[in-house]
Amino acid sequence: MTFKKINIAIDGPSGVGKSSIAKKIAQKFNYLFINTGSLYRAIAFFCQKKQISVQNVQKILKNFMPNFLLLDLEGNVWLENQNVSSFLRDDLISKNAAVVAQYPQIRKIVTEILQDFQKKHKGIVMEGRDVTYNVMPNADLKIFLWADAETRAKRRCKQNAFLNLETDVQKILKSIEHRDYLDMNRKINPLKKTIDSVFLDTTNFKENQIVDQIIKLVLRKIGQNML
Ligand code: C5P
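For any residue, its number in the numbering used here is found by taking its place in the sequence shown, counting from 1, and adding 377.
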């Protein structure tokens with residue numbers, strides 16, 4: 378028996394666990410998982426590689442071509458024919474991704490790549506800042522995840538310990554607050570909850586509890602009682 382495939386958009390602030398939760402939902406339903414932030418991160422990585430300042434949008438646009446970026450079905454990001462997915466997590470890239478994501482021209486490039494991907498596939502879990510109202514406004518299910526900044530900093534700290542990255546909670550908290558500020562206050566496509574998104578506050582819940590809640594919402598959408 379085959380079930381209807383739906384598209385799911387998951388939004389929320391930095392460090393709330395969007396990626397990890399979206400990945401689990403995609404695995405559960407055998408859907409494609411796309412982390413939209415990885416495209417902004419790849420452009421920040423491109424700037425670092427070519428020694429272009431992320432403040433200099435004109436220079437970025439002069440040197441960067443949209444066809445340099447490619448998303449594969451595993452959600453990997455390819456930059457100039459190289460799978461760069463494993464180079465995108467460090468703090469400098471995180472910071473610079475939030476800077477490049479402020480430029481309308483860069484957002485247009487990334488949005489077009491993501492919308493092109495959606496035209497070709499069904500059964501996608503896409504997560505990121507503007508997916509619920511810009512990239513995938515017609516998603517069948519929209520979720521807005523939330524957690525307070527301290528909780529997110531502690532979670533990030535734990536993840537970073539595994540990755541040998543920054544583990545000073547105060548530094549991480551500062552960086553998260555700074556990114557929240559940039560993401561919520563930028564002129565185009567700021568972080569915001571749409572009226573048709575389900576708001577899930579994850580602060581006092583374990584990740585698996587949130588995943589279970591979302592699974593229930595998906596099952597309701599696809600009209601199944603049980604999987
Ligand atoms: O989600 P992630 O932390 O990987 O995203 C990196 C940065 O890219 C975010 O801080 C945000 O500024 C930007 N971003 C965005 N729109 C998206 C996804 C990410 O502006 N859809």
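Think of the CB as a built atom: it goes at the ideal place given N, C-alpha and C, for glycine as much as any other residue. In this text the structure is predicted, and so the values were computed from the model without any measurement.
Report yes if the CB atom of residue i is closer than 8 angstroms to the CB atom of residue j, and no otherwise.
i       : j       : result
Val-588 : Ile-520 : no
Val-502 : Ala-419 : no
Gly-394 : Thr-579 : yes
Trp-523 : Gly-392 : no
Ile-411 : Lys-598 : no
Gln-601 : Phe-380 : yes
Phe-494 : Leu-456 : no
Val-595 : Leu-518 : yes
Ser-396 : Asp-468 : no
Gln-479 : Leu-559 : yes
Leu-550 : Ala-526 : yes
Asn-440 : Lys-426 : no
Pro-443 : Ile-398 : no
Please identify the residue among the options whose C-alpha is closest to the C-alpha of residue i.
i       : options                            : result
Val-476 : Lys-593, Pro-567, Lys-598          : Pro-567
Asp-507 : Glu-457, Leu-540, Ile-470, Lys-564 : Lys-564
His-498 : Val-546, Ala-399, Glu-451          : Glu-451
Pro-514 : Ala-386, Lys-401, Arg-466          : Ala-386
Phe-464 : Leu-596, Leu-416, Ile-572, Lys-548 : Leu-416
Arg-529 : Glu-584, Ile-470, Ile-429, Lys-439 : Glu-584
Ile-591 : Tyr-480, Leu-577, Asn-433, Thr-509 : Leu-577
Asn-511 : Asn-407, Cys-424, Lys-382, Thr-413 : Thr-413
Ser-462 : Leu-469, Asp-468, Val-454          : Val-454
His-555 : Asp-573, Ile-429, Lys-472, Lys-531 : Lys-472
Gln-482 : Met-561, Ile-490, Val-434          : Val-434
Glu-504 : Ala-516, Leu-446, Asn-562          : Ala-516
Asp-449 : Thr-488, Leu-409, Cys-424          : Leu-409
Thr-488 : Thr-509, Leu-469, Asp-468          : Thr-509
Arg-447 : Leu-438, Gln-459, Ile-437, Lys-436 : The sequence shown places Leu at residue 447, rather than the Arg named in the question. The option with the nearest alpha carbon to Leu-447 is Gln-459.
Lys-548 : Gln-492, Lys-531, Ile-470          : Lys-531
Ile-486 : Ile-437, Cys-534, Ile-470, Arg-466 : Ile-437
Ile-470 : Gly-500, Cys-424, Gln-492, Cys-534 : Cys-424
Ala-474 : Asp-557, Lys-496, Ile-572          : Asp-557
Arg-466 : Ile-572, Lys-569, Ala-538, Asp-573 : Ala-538
Opposite residue i in the DSSP bridges: which residues?
i       : result
Ala-386 : Met-503, Lys-519
Asp-578 : Trp-523
Phe-539 : Paired residue(s): none; Phe-539 is not in a bridge.
Asn-412 : Glu-504
Contiguous alpha helix (DSSP H) assignments of at least 4 residues, all confined to the stretch 450-521: 468-477, 481-497
Minimum length 3: unbroken beta strand (DSSP E) runs contained in the stretch 420-448: 446-448
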